[in-house]
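Residue numbers (our numbering): 658 to 900. Ideal placement from N, C-alpha and C gives every residue a C-beta, glycine not left out. What follows is one structure encoded as structure tokens, with my remarks underneath.
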Amino acid sequence: MDDRNKYYDIHAHFLPSMDLGCKNTDDALQMISMMEKQSCQGVIATPHFYPTETVDDYLKRRHDNYTTLREALQESQYSDFDKKIILGTEVAYHHSLVFENGIFNLCMGDSNYLLLEMPFSKWTPEVLEDVEKLIKYRGLRIIIAHLERFYEYGNKKYIERLLDMDLAIQMNTAHLLKFGAFRHANKMIKEQRVDVLCTDCHGTFFYPPNMEQALDKMRKSGLESDMNRMMQNSVAIYKTARG
Ligand SMILES: [Fe+2]
């Protein structure tokens, strides 16, 4: 175990049967063993929430699957890992969120941090206005999930507006590690556009827990001070969520 690679991950999909990739408790335990090997100190489980179900139904599903995982963890060699898990959600943007009574139940742990997934399409001014309302009128601290994935839809102009807002930007480790993407990732990081680096892990092969590799890549690429800044932000968010 390399102590220099101790990390917190605030965007991860490892609760069983909640998302694509992690189908059952065996998958979840394998992902957790990978996190343990990489010196994970704490993780926020962020299953997807889409407005096709109610917040209450989603929370019940998340609770049930988390309970299943805890039972499996108790019988495994990773029983202590349960103490590292905080529940959160990756919330898909929808206009109705602005009025959603249960929105605070989707935040990370005891915090008002909300991980928001923007539309995978060309945005509109209304989308940006709604994000602003979530911050100003609902009092949420928004973390935009994997901003790098939205440039391709012709959103450059909207992304510039988003970056002026009082919110945090998250990048996936995959963007640093994916062939051909590093140049863009490096540029975003150097321009201080990224506040938090997360794995957004979804399984053992597809989007695996790979923070160790990403940290190594940043060190080798002269991005150590940015890496430390982003890791400190993750710790701060995790600790606020812990309450
Ligand atoms: Fe995600």
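Per DSSP, what kind of secondary structure is tyrosine 770 in: helix, strand or coil?
Of the three classes helix, strand and coil, the one that applies to tyrosine 770 here is strand, per DSSP.
Can the beta-carbon of leucine 791 be found closer than 7 angstroms to that of asparagine 762?
No; because the gap between Cβ atoms is not below 7 angstroms, this pair is not in contact.
Coil, strand or helix - leucine 730 by DSSP
The three-state secondary structure of leucine 730, taken from DSSP, is helix.
Heavy atom of ligand 1 within 6 angstroms of glutamate 747 beta-carbon:
Yes, the beta carbon of glutamate 747 sits closer than 6 angstroms to at least one heavy atom of ligand 1.
Per DSSP, what kind of secondary structure is phenylalanine 706 in: helix, strand or coil?
Phenylalanine 706: strand per DSSP, three-state reduction.
Need the endpoints of the alpha helix (DSSP H) that leucine 819 sits in, please.
That run of the alpha helix (DSSP H) goes 813 to 820.
Taking Cβ positions, are threonine 830 and threonine 861 nearer each other than 7 angstroms?
With respect to the 7 angstroms criterion, threonine 830 and threonine 861 are not classified as neighbours on the basis of their beta carbons.
Beta-carbon gap between tyrosine 664 and methionine 868 smaller than 7 angstroms:
Yes, the pair counts as a contact, with Cβ atoms nearer than the cut-off.
Nearest residue (CA-CA) to threonine 709, options Leu824, Ala749, His668, Asp737
The residue with the shortest Cα to Cα distance from threonine 709 is Ala749.
Strictly under 7 angstroms for the Cβ-Cβ distance: is tyrosine 715 near chain C by that measure?
The question asks about chain C, but that chain is absent: this structure has only one protein chain.
Going by C-alpha distance, which of Tyr808, Val851, Met845, Val788 is nearest methionine 822?
The shortest C-alpha separation from methionine 822 is found at Val788.
To the nearest angstrom, report how far apart leucine 730 and cysteine 858 are at their CA atoms.
Each residue's Cα considered, the two are about 19 angstroms apart.
Please name the residue or residues paired with asparagine 829 in a DSSP beta bridge.
Asparagine 829 is bridged to Cys855.
State the start and end residues of the unbroken alpha helix (DSSP H) segment that holds alanine 902.
There is simply no residue 902 to check, as the chain begins at 658 and stops at 900 in what is shown.
Can you round the beta-carbon distance between glutamine 849 and histidine 668 to whole angstroms, since I take them to be within the 8 angstroms contact cut?
At roughly 20 angstroms, the Cβ-Cβ gap does not stay under 8 angstroms, so glutamine 849 and histidine 668 are not in contact.
What do you reckon, is the C-beta of aspartate 857 under 6 angstroms from a heavy atom of ligand 1?
For aspartate 857, the CB falls within less than 6 angstroms of some heavy atom of ligand 1.
Spatial neighbours of serine 891 in its chain, beta-carbon cut-off 8 angstroms, leaving aside the 5 residues before and after
Answer for serine 891: Tyr664, Tyr665, Asp666, Ile667, Val853, Leu854, Cys855, listed in chain order.
Distance between beta carbons of glycine 745 and glycine 766, contact taken as under 8 angstroms
Here glycine 766 really is in contact with glycine 745; their C-beta atoms are around 7 angstroms apart, less than 8 angstroms.
Can you give me the start and stop residues for the beta strand (DSSP E) that isoleucine 760 sits inside?
Counting along the chain, isoleucine 760 falls outside any beta strand (DSSP E), and DSSP gives it neither H nor E.
Tell me which same chain residues have a C-beta within less than 6 angstroms of the C-beta of methionine 675, skipping the five on either side of it?
Closer than 6 angstroms at Cβ, skipping near neighbours: Pro704, Asn722.
Tell me, to the nearest whole angstrom, how far the beta carbon of leucine 824 is from that of isoleucine 799; I am working on the premise that it is less than 8 angstroms.
The Cβ separation is near 4 angstroms, so the contact holds.
In angstroms, rounded to a whole number, what distance separates the CA positions of threonine 725 and proline 782?
When only Cα atoms are considered, threonine 725 and proline 782 end up about 42 angstroms apart.
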